[in-house]
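Residue numbers for the sequence shown, in the numbering used here: 15 to 102. We put the beta carbon where it would ideally sit given N, CA and C, even for glycine. Please read the structure below before turning to the comments.
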Amino acid sequence: MVEAGAERVSDGIHTEPTLSTGKTYRLNLICFGSGSARLTVTPESKETPVPCDQSLIQQRLTADKPVRIDVNGTKGSSGMIAWQIDAI
15 MVEAGAERVS DGIHTEPTLS TGKTYRLNLI CFGSGSARLT VTPESKETPV
65 PCDQSLIQQR LTADKPVRID VNGTKGSSGM IAWQIDAI
């Protein structure tokens with residue numbers, strides 16, 4: 015495990031993990047509650063929907079450049095978001 019945490023959907027997740035260049039990682043993300051959130055990983059800037067129905071979202075990360083992870087709840091969403099980054 016490299017980094018992990020849990021936040022309220024209303025607060026979101028905003029982190030810049032320290033990842034080793036050239037290594038590959040897996041981001042695991044799950045939301046419990048109601049509504050949904052949006053995951054954005056920069057530099058890719060691809061937005062991924064995150065339903066707050068306990069579905070597991072996984073995304074592969076390659077640390078070629080600094081990475082920023084943002085998860086923002088949509089209007090009216092509530093609950094908790096748990097996340098973990100693991101080296102592969």
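Would S91 be called buried (16 or more neighbouring beta carbons within 10 Å of its own) or exposed? buried
Beta-carbon gap between S82 and V64 smaller than 8 angstroms: According to the sequence displayed, residue 82 carries Arg and not Ser. No.
Should G47 be labelled buried (16 or more other beta-carbon atoms within 10 Å of its own) or exposed? buried
How long is the line joining the alpha carbons of P57 and T76, rounded to whole angstroms? 10 angstroms
Thinking C-alpha only, which one of P31, G49 and S50 is nearest P80? Cα-wise, what sits closest to P80 is P31.
Taking the continuous beta strand (DSSP E) assigned at G49, which residues delimit it? T38 to T56
A77 (DSSP reduced to helix, strand or coil): coil
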